[in-house]
Amino acid sequence: MILAATTDESLARMSDLLIYSSMAVYTLAFFAHIAEWVLGSRSKVGRTAAALTPRAAAPAAAVTVRVEQGGSTAVLDKPKVVTRTAAGARDVPDGPGAAGGTVKGDLYGRIAVSLTVLAFLVEASGVVTRALSVQRAPWGNMYEFSTTFSTVAVGSYLGFLLAKKNVRWLGLPLVTTVLLDLGLATTWLKTPSDQLVPALDSYWLWIHVSTAIFCGAVFYLGAVATLLYLFRDSYENKLATGGNPGAFARSVLERLPAAASLDKFSYRVNAAIFPLWTFTIIAGAIWAGDAWGRYWGWDAKEVWSFITWVGYAAYLHARATAGWKGRKAAYIALIAFACFLFNYYGVNIFVSSKHSYAGV
Amino acid sequence: MSKTDTTQSTPAPDETTGAAGAELSTAPREDREDTAVGGPSLGFTGWLRWFWRQLTSMRIALLLLLLLSLGAVPGSLVPQTSADEMKVQDFKAAHPTLTPIYEKLQFFDVYGSVWFSAIYLLLFVSLIGCIVPRTWQFVGQLRGRPPGAPRHLDRLPAYATWRTSAGPEEAREAALALLRKRRFRAHRAGDAVAAEKGYLREVGNLSFHIALIVMLVAFAWGVLFKSEGGKLVVEGDGFSNTLTQYDDFKSGSWFGTDDLEPFSFTLDSFTGTYEKSGPQRGTPRTFEAAVTYSRGGEDTKTVVRVNEPLKVGDSKVYLIAHGYAPVVTVRDGRGKTVFHGAVPLLPIDNNITSTGAIKVMDGYRDKNGKKEQLGFSALFVPTFAGAGQGTMFSQFPALDFPVLALTGYHGDLRVNSGLPQNVYQLDTSKMTQFKIDTGTGVAQRMRPGETMTLPDGAGSITFEKEIKEWASFQISQQSGNGLALTGAIAAIAGLSGSLFIQRRRVWVRAVRGEDGTTVVEMAGLGRSESARLPEELADLAAALTAQAPPTAEPPRADPEAVPDTAGPEAVPDTPAPDTTHPADAPAEDPAPSGEADK
Ligand code: HEM
């Protein structure tokens, strides 16, 4: 028993060390991203104002199937599919990315991604050793919740990269907020590793909390995309109406994907995770039913989960409602995410709730 | 999504595609004029109809959703009567000016308030008013057939064309077979094949919204037929599920007390363990109540834990709280035992410093033989701290160094005064305190086994060595849970279907071109967020080329840039070639297919 306790202690210390190391690596990744953006801003490659002029309902250039002329050795290409945007949508190509097409910027960008991968691995091991040291899911208090949260957020981002999605523009904002999150976690929210209070000791912890963390992380990526969409959309509007955005705004925003792409990304991400968020709330209700004898008691945490859920439902509705698409829907998505954040930090810290027993 | 987009009405798919794009979902059409007019000329039924159409429009549903989330906020910030009566009292005492305003606004009972109910009831009326027509519309779509091909296939979001040596009829046959094989609903419409797939999206969406109603009904049912009560049981004691046995009891308005599940249980023992050391010292580790329950005569032993309620029929028994019940014996001046038993005391902090009262109602006579009542206010600590101080407190929740401090009174306990009395509090207004000769003057601290002698031969009270624990249980009976769970599962399944399944249409047109070869045109149309549509179309086209193999183009200067002019009846409205727009630029959706490292 005593022996086991000492092993746990050293594992816990190791976990702390790993988390601090990951912060160091994230900091390096942060600087690499900054370098990428700075170097990219010096380039004019791939950035022409002409590229941003709307392509005025581009007609579909029909492409036919090519075959070797008179060929017995005919190579049949797949018929090419021509796509066109829906009528009314602005048709602007994506920006070239933070590196702005510069080789050096791109190099730093790659370094940043590699460092992020490294930091992610270190942080994930930190979370795992923490779990081993307490011999349970590492989600018993806000410190553990925060470290897992940022690990999962970075993991999802890397997952998108791995799936060859165009998401490198997420890198800088993500790494910045991860550093903030870890900073908060290791200073204010730090809780020594320990066992759970009996009420948390249930397999529903695995189900409910893990999905909640995952939803939060993905909603976060969606929120970043939504915010960038709003900026980029104003920028495109300004250009379309002949305005002249400031030099800084122009330099940053022109390298981002088109507003339509950002909007689509955030919609996909939010919509895809919404059923899981619904599940999370229902799983929480079932757990509450077992632990406290009532499924739904309008406890502060429950209220804010509900508000978040209704907020995202409103967002999905807004996108199907005339007059609410685009920016208005984006505002709703941001408010919904703010509700999620408040539920996570605000309710634990400011509101007394049945849920706030977990050592903050 | 451009800014201009937000101020104009949606570019409905049918703007470019006519009937072909209509009803690709069952979303209600936005009758914009309606909102603007609604004038006095409408008459009563006109107004009614106008109101109804407003209520069931997407815009109002959206506003109601936003209102609902906004309305839920105050309930999380202001203490709620339903959750914690005491906190509400404290709040009212602390905010005398705010209280009347909050009371008017029903802020202490937000989720039962008139205005909150109004929001969600309106929302659900709107929901029903939305679902019913959408369901009919959908049934109509299922019974009908996918709409025929629009004239200008090349204006659709995804388009492909080639020439083939196969005859038009042959190509159409092949297309029909292919689409059917890929589980499209397909049929011939004129010179083209029309197909549609992904109806499950609508099924999912409708069942999601219906599931919401099912859940609401289940909740309402649950509230009406619910019963919930608390009972504190000392080790060795029992409880049987009848109304009189409850310490407190609440039930829904449609719940009859004879609906109570007939069962009983005894608390055999309670075990609590706590962290012994470290910064979290004192944090509970296990709480277990070993009980024997019986229903219909058969005894069963089991353990109730915090997350593991005991289920008996429709009822569930939850372990809610626990504490200590010191066993005391009170004797009168002649040594006759007038009270013996375990006295449950209520914890006031995490280390289970507990307070309570010991009441000797009858059987006691003072040294003159006069009938009197005795009362003791008790303070108990499981692990004593505070030696040499006026107050004592507990420093650990387990029974490491238990101490009981008692202050004795005699006189009238006023239990028969007609006022409801708290068993844990002593009403000393008609009692006189025993003067006890101790250092502090009032209370005497005792270790287990010690006896406090009351002055003037008034008797004694003994703190027995045995200290029992008590556990309090919540016994609730709830119906509608199964229905709610079914609704919840249906909601998630429906939602997933609604969000992950794409509803899309594909048309294949095959006509004879001017040069005698057959021109095949394929086009796909989905809702605006269709990412895989072009991929799927390419896939279908590739599969179709097996039966309708491409032939060489008639010689052209630049095959990349020149649109196909396959004959006026097929593509009469040839768009101007646009060389600045590379044909393979993924205009619809660059995000997911773009390369990460570009
Ligand atoms: C209890 C409140 C409601 C909730 C929580 C809710 C939730 C949702 C959600 C999450 C979606 C997204 C599915 C998607 O994007 O395809 C959706 C779609 C939809 N909802 Fe609701 N809804 C509610 C009430 C209503 C009402 C009152 C109406 C009637 C006006 C309505 C009409 C629709 C329609 C037409 C869609 C499909 C939109 C589309 O096809 O894109 N909903 N709803």
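One line per chain: the protein sequences are A and B, in this order.
Residues are numbered in the working numbering as their position in the first sequence, beginning at 1, plus a constant of 1086.
Residues are numbered in the working numbering as their position in the second sequence, beginning at 1, plus a constant of 209.
Note that CB positions come from ideal geometry on N, CA and C, so glycine has one too.
The structure displayed is predicted, hence computed values, not measured ones.
Assuming Leu1307/A contacts Val1355/A (C-beta within less than 8 Å), just tell me the rounded distance between them. Confirmed, Cβ separation roughly 6 Å.
Taking only three categories from DSSP, how would you classify Gly1379/A? coil
Euclidean distance between Cα positions of Leu271/B and Leu528/B: 41 Å
My parser needs the beta strand (DSSP E) runs of 3 or more residues fully inside the segment 510 to 586 of chain B; what are they? Runs of the beta strand (DSSP E) inside the segment 510 to 586 of chain B: 519 to 521, 524 to 540, 546 to 551 and 563 to 569.
Three-state secondary structure assigned by DSSP to Thr344/B: helix
Would you mind working out which of Gly1383/A, Gly1328/A, Gly1412/A and Ala1416/A sits nearest Tyr1398/A, comparing C-alpha positions? Ala1416/A
Name the chain A residues whose beta carbon is nearer than 7 Å to that of Gln289/B? Trp1384
In DSSP terms, what Val612/B is bridged to: Val590/B
Using a Cβ cut-off of 8 Å, pull out every chain A residue sitting near Pro743/B, in sequence order please. Val1167 and Thr1169
Would you check if the distance between the CB atom of Gly1126/A and the CB atom of Ala1198/A is smaller than 7 Å? no
For Ile710/B, the three-state DSSP class (helix, strand or coil): DSSP places Ile710/B in coil when its eight states are reduced to three.
How big is the Cα-Cα spacing for Trp1384/A and Val1396/A? In a straight line, the C-alpha of Trp1384/A is about 15 Å away from that of Val1396/A.
If you drop the 5 nearest sequence neighbours on each side, which residues of the same chain put their C-beta closer than 7 Å to that of Tyr1229/A? Ala1271, Leu1275, Lys1276 and Thr1277
State yes or no: is the beta carbon of Leu704/B nearer than 7 Å to at least one beta carbon in chain A? Interface residue, yes.
Stretch-stretch touch, CB-based, cutoff 8 Å, three pairs: the segment 684 to 704 of chain B with the segment 542 to 558 of chain B: no
In angstroms with no decimal places, state the Cα-to-Cα distance between Leu1201/A and Val1238/A. 16 Å
Excluding the five sequence neighbours on either side, which residues of its own chain have a C-beta within less than 7 Å of the C-beta of Ser707/B, listed in chain order? Arg410, Gly413, Asn414 and Phe417
Buried or exposed (CB count within 10 angstroms, at least 16 for buried), Arg1216/A: buried
Do Val521/B and Glu470/B count as a contact pair if the criterion is CB distance below 7 Å? yes
Got a sec: is the Cβ-Cβ distance from Phe1231/A to anything in chain B below 7 Å? no
Taking the alpha carbon of Arg540/B as the point to measure from, which residue in Ala699/B, Gly617/B, Tyr502/B and Gln756/B has its own alpha carbon closest? Gly617/B
Strictly below 8 Å CB to CB, what residues from chain A border Gln683/B? Ordered by position in chain A, the residues that pass the 8 Å Cβ test against Gln683/B are Gly1379.
Which one of Ala1311/A, Leu1193/A, Ser1219/A and Ala1345/A has the shortest CA to CA distance from Leu1325/A? Ala1345/A
Is the distance from the Cβ of Phe1235/A to the Cβ of Ile1293/A below 7 Å? No, Cβ-Cβ distance for Phe1235/A and Ile1293/A is not below 7 Å.
Extract the residue ranges of the beta strand (DSSP E) inside the segment 443 to 491 of chain B, only unbroken runs of 3 or more that lie entirely within it. 447 to 449, 457 to 460 and 473 to 483
Could you list which residues in chain B have their beta carbon closer than 9 Å to that of Thr1407/A, in chain order? Chain B residues near Thr1407/A: Thr219, Ala236, Glu239, Ser266, Met267, Arg268, Ala270 and Leu271.
Helix, strand or coil: how does DSSP classify Arg258/B here? helix
DSSP-derived helix/strand/coil call for Met267/B: helix
What is the DSSP secondary structure of Pro493/B, counted as helix, strand or coil? strand
Apply the 10 Å Cβ neighbour rule to Glu678/B and answer buried if 16 or more other Cβ atoms are within range, or exposed otherwise. Taking a 10 Å sphere around the C-beta of Glu678/B, we find 16 or more other C-beta atoms and assign the residue as buried.
Beta bridge counterpart(s) of Tyr633/B as assigned by DSSP: Partner(s): none; Tyr633/B has no beta bridge.
Would you kindly work out how many angstroms separate the C-alpha atoms of Phe393/B and Glu1322/A, rounded to a whole number? 39 Å
Taking the alpha-carbon of Gln756/B as reference, which of Ile328/B, Leu388/B and Gly431/B has the nearest alpha-carbon? Leu388/B
Does the beta carbon of Tyr633/B sit closer than 7 Å to a beta carbon anywhere in chain A? no
I'd like to check one pair, Val515/B with Val547/B: are the Cβ atoms closer than 7 Å? Judged by beta-carbon spacing, Val515/B lies beyond the 7 Å limit of Val547/B, meaning their Cβ atoms are not closer than that value.
Does any residue of chain A bring its CB to less than 7 Å from the CB of Tyr329/B? no
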